[in-house]
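Everything on this sheet refers to the single structure shown next.
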Amino acid sequence: MTPPGAFRPGPGRPFPRVPAHVATTRHLGAAYPMAGEAGLGAEGVLVGRDLLGGTFVYDPFTLYRSGVLTNPNMVVFGQIGRGKSAFVKSYLWRQAVFGRRAWVVDPKGEYGPLAAARGVAPLALRPGGRVRLNPLDVAATGAPGSGGPPGEDEVWRRRSELVASLAVACLGRDLLPRERAALDAALHAATAAAVRGAPTLPQVVEALLAPEPAAAAELRTGVDRLLEDGRDVALELRRLVAGDLRGMFDGPTTPGLSLGAPLVVLDLSAVYDSPALGVLMTCAAAWLHGAVRAGGDGPVLLVVDEAWAILANLGVARWLQASWKLARAYGVANMAVLHRLSDLHAVGAAGSEQVGLAAGLLADSETRVIYGQAPGEVERAAGLLDLTSTEAELVTGLRRGVALWKVGARSFLVEHHLGAGERDIVDTDAAMAPGGGDA
Ligand SMILES: Nc1ncnc2c1ncn2[C@@H]1O[C@H](COP(=O)(O)OP(=O)(O)OP(=O)(O)O)[C@@H](O)[C@H]1O
Ligand SMILES: [Mg+2]
Numbered sequence: 062m063t064p065p066g067a068f069r070p071g072p073g074r075p076f077p078r079v080p081a082h083v084a085t086t087r088h089l090g091a092a093y094p095m096a097g098e099a100g101l102g103a104e105g106v107l108v109g110r111d112l113l114g115g116t117f118v119y120d121p122f123t124l125y126r127s128g129v130l131t132n133p134n135m136v137v138f139g140q141i142g143r144g145k146s147a148f149v150k151s152y153l154w155r156q157a158v159f160g161r162r163a164w165v166v167d168p169k170g171e172y173g174p175l176a177a178a179r180g181v182a183p184l185a186l187r188p189g190g191r192v193r194l195n196p197l198d199v200a201a202t203g204a205p206g207s208g209g210p211p212g213e214d215e216v217w218r219r220r221s222e223l224v225a226s227l228a229v230a231c232l233g234r235d236l237l238p239r240e241r242a243a244l245d246a247a248l249h250a251a252t253a254a255a256v257r258g259a260p261t262l263p264q265v266v267e268a269l270l271a272p273e274p275a276a277a278a279e280l281r282t283g284v285d286r287l288l289e290d291g292r293d294v295a296l297e298l299r300r301l302v303a304g305d306l307r308g309m310f311d312g313p314t315t316p317g318l319s320l321g322a323p324l325v326v327l328d329l330s331a332v333y334d335s336p337a338l339g340v341l342m343t344c345a346a347a348w349l350h351g352a353v354r355a356g357g358d359g360p361v362l363l364v365v366d367e368a369w370a371i372l373a374n375l376g377v378a379r380w381l382q383a384s385w386k387l388a389r390a391y392g393v394a395n396m397a398v399l400h401r402l403s404d405l406h407a408v409g410a411a412g413s414e415q416v417g418l419a420a421g422l423l424a425d426s427e428t429r430v431i432y433g434q435a436p437g438e439v440e441r442a443a444g445l446l447d448l449t450s451t452e453a454e455l456v457t458g459l460r461r462g463v464a465l466w467k468v469g470a471r472s473f474l475v476e477h478h479l480g481a482g483e484r485d486i487v488d489t490d491a492a493m494a495p496g497g498g499d500a
């Protein structure tokens with residue numbers, strides 16, 4: 062029906078002529094994002110439906126090989142309960158068809174059903190528990206491209222970066238030059254004390270509290286002075302070793318862990334409420350990065366769920382960014398799950414290092430999957446994520462299970478579909494159901 066007052070064509074009243082609008086396809090792409098997209102091909106895992114037509118298939122390794130992506134890493138954003146973890150779990154499940162292995166840092170302890178479906182048990186880490194992981198186990202890793210062990214310098218650099226990051230995170234401030242020197246001297250001493258295996262954090266703490274005269278002489282200082290220089294660092298790191306968090310990352314890795322399993326899940330739910338969660342997740346992620354090649358060759362998906370806990374802490378956020386850079390060389394595709402876009406800004410003011418780190422992490426993750434966001438969030442991070450104004454508006458109104466996918470310079474609106482058999486793997490609503498959460 063024609064609304065009252067609308068233009069009615071008729072004899073002697075032709076349609077008014079509107080001048081043709083001419084624009085380049087580039088500009089049209091901006092005006093109508095996603096409308097003219099040919100898709101990413103059919104090779105890989107089916108995610109769901111492209112809401113502008115067709116199915117949506119995505120595989121970071123294939124897209125990297127074909128040159129569509131320059132890195133295989135992914136960041137998944139979204140408000141609570143929008144389906145971020147459900148997507149990741151079903152994605153790992155579907156990737157198994159292609160023989161892809163997955164390693165997961167699971168702070169909420171919610172990947173158990175997925176692990177059970179794949180016939181493995183999660184490694185439950187808890188203070189004083191049975192499983193210990195040594196985050197300094199770098200030697201097990203293959204060197205970039207070669208598959209062989211990394212050079213001594215590379216091993217040293219990675220261990221040194223990790224202990225410095227943990228120290229910064231525990232102290233809540235940057236290290237003074239003298240503290241960094243004391244820490245490096247202690248790491249040297251601990252490496253020598255470990256003879257063949259990897260040094261452990263208790264050995265580093267011990268070396269900080271009992272510095273060797275040779276180390277002091279090399280730094281043109283006395284033993285007492287070197288002890289003072291490293292004392293604060295030692296006392297903070299000691300928490301992981303002798304304090305309330307002991308028994309998880311403070312010794313050689315428990316022998317017999319099945320690293321060749323198709324799925325390795327590190328369950329950190331016992332420490333989810335700890336203020337040190339970010340530090341503990343970093344230890345877990347460091348061990349995964351270090352051990353990933355020991356589990357065999359072939360691409361690996363390395364997931365850090367609830368990654369905001371790491372990014373909120375400048376010290377370990379730096380480590381995370383550095384380790385992501387290595388991803389390609391080690392055949393690893395990282396996937397980080399965050400709540401808000403502003404998790405990336407965390408405590409940082411505009412122009413701060415934190416914001417620089419966030420920008421770096423995004424530069425190293427060419428796939429961004431953005432589930433529903435609050436309007437304020439989008440305003441803050443639209444620039445960082447290269448969202449057009451249309452896209453920014455769109456992501457504030459997305460329903461559960463629907464996300465804006467930014468893959469390189471291309472955009473897709475994707476509805477993630479769950480198969481009937483997958484619902485039990487992804488369900489995190491059980492506690493909300495009648496009678497749920499009574500246990
Ligand atoms: N595509 C989907 N279709 C149907 N149900 C879904 C879909 N995605 C998620 N759900 C359901 O929504 C619930 C919440 O999903 P999920 O745990 O993935 O949220 P989340 O974004 O990871 O939340 P949080 O931020 O709290 O970790 C789950 O129980 C899951 O079964
Ligand atoms: Mg989740």
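Position 224 of the sequence shown, counted from 1, bears residue number 285 in this note's numbering, the numbering being contiguous throughout. Yeah, the Cβ is synthetic: ideal placement off N, Cα and C, and Gly gets one too.
For residue i, count the other beta carbons within 10 Å of its own beta carbon; 16 or more makes it buried, fewer makes it exposed. Which is it?
i             : result
aspartate 311 : buried
lysine 150    : buried
arginine 401  : buried
glutamate 297 : buried
leucine 130   : buried
glutamate 213 : exposed
glycine 208   : Because glycine 208 carries a pLDDT of 49, less than 50, the predicted location of this residue cannot be relied on, and the following value inherits that uncertainty. Per the 10 Å Cβ criterion, exposed.
histidine 88  : exposed
lysine 145    : buried
aspartate 198 : buried
threonine 116 : exposed
glutamate 454 : exposed
threonine 252 : buried
valine 353    : buried
threonine 202 : Because the pLDDT of threonine 202 is 44, which lies under 50, any placement of that residue in the model is unreliable, and the question is left without a value.
glycine 317   : exposed
glycine 258   : exposed
proline 121   : buried
serine 450    : exposed
aspartate 290 : buried
May I have the straight-line CA-CA distance separating residue i from residue j, to the nearest angstrom?
i                 : j              : result
valine 326        : alanine 230    : 24 Å
methionine 342    : asparagine 134 : 18 Å
leucine 184       : glycine 142    : 25 Å
isoleucine 431    : tryptophan 466 : 6 Å
tryptophan 380    : histidine 350  : 11 Å
glycine 392       : valine 361     : 6 Å
arginine 126      : arginine 161   : 16 Å
alanine 254       : aspartate 488  : 47 Å
phenylalanine 159 : valine 118     : 14 Å
histidine 82      : leucine 446    : 30 Å
serine 10         : alanine 177    : Residue numbering for the chain in the displayed model covers 62 to 500; residue 10 lies beyond these limits and cannot be assessed.
serine 27         : alanine 250    : Any question about residue 27 goes unanswered here, given that the chain covers just 62 to 500.
arginine 69       : proline 80     : 20 Å
arginine 78       : threonine 85   : 22 Å
alanine 355       : serine 319     : 10 Å
leucine 372       : alanine 337    : 13 Å
alanine 322       : aspartate 328  : 16 Å
With distances taken from CA atoms, which of the options is nearest residue i?
i             : options                        : result
leucine 280   : Ala453, Arg239, Leu248         : Arg239
proline 436   : Gly458, Gly421, Asp485         : Gly458
alanine 243   : Glu438, Leu269, Thr489         : Leu269
glutamine 264 : Asp245, Ser426, Pro274, Ala277 : Asp245
arginine 234  : Gly469, Ala378, Glu273         : Ala378
threonine 315 : His82, Gly189, Pro80           : Gly189
valine 416    : Asp404, Arg155, Ser426         : Asp404
arginine 219  : Leu387, Leu306, Gly304         : Leu387
Rounded to the nearest angstrom, how far is the Cβ of residue i from that of residue j, given a contact under 8 Å?
i              : j              : result
glycine 462    : glutamate 483  : Rounded, the Cβ-Cβ distance is 12 Å, inconsistent with contact.
alanine 347    : leucine 223    : 5 Å
glycine 444    : glutamine 140  : Contact doesn't hold; Cβ gap of about 20 Å is too wide.
isoleucine 548 : leucine 101    : Nothing about residue 548 can be reported from this structure: the residues present for the chain run from 62 to 500 only.
arginine 389   : asparagine 132 : 6 Å
methionine 396 : valine 137     : 7 Å
valine 266     : proline 274    : Rounded, the Cβ-Cβ distance is 19 Å, inconsistent with contact.
valine 364     : alanine 157    : Not quite, the Cβ-Cβ distance comes to about 14 Å (not below 8 Å), so this is no contact.
aspartate 425  : tryptophan 385 : 5 Å
leucine 232    : valine 294     : 7 Å
proline 168    : alanine 370    : 6 Å
valine 505     : glutamate 367  : For residue 505 there is no data in the structure shown, the boundaries of the chain being 62 and 500.
Taking the DSSP output, what are the residues bridged to residue i?
i                 : result
alanine 504       : There is no way to answer for residue 504, as the model of the chain reaches only from 62 to 500.
tryptophan 348    : For tryptophan 348, which the question treats as bridged, DSSP gives no partner whatsoever.
alanine 185       : Asp328
serine 472        : Lys467
phenylalanine 138 : Ile431
methionine 396    : Met135, Val364
leucine 107       : Val118
tryptophan 164    : Val325, Leu363
arginine 484      : Bridge partners of arginine 484: none, in fact.
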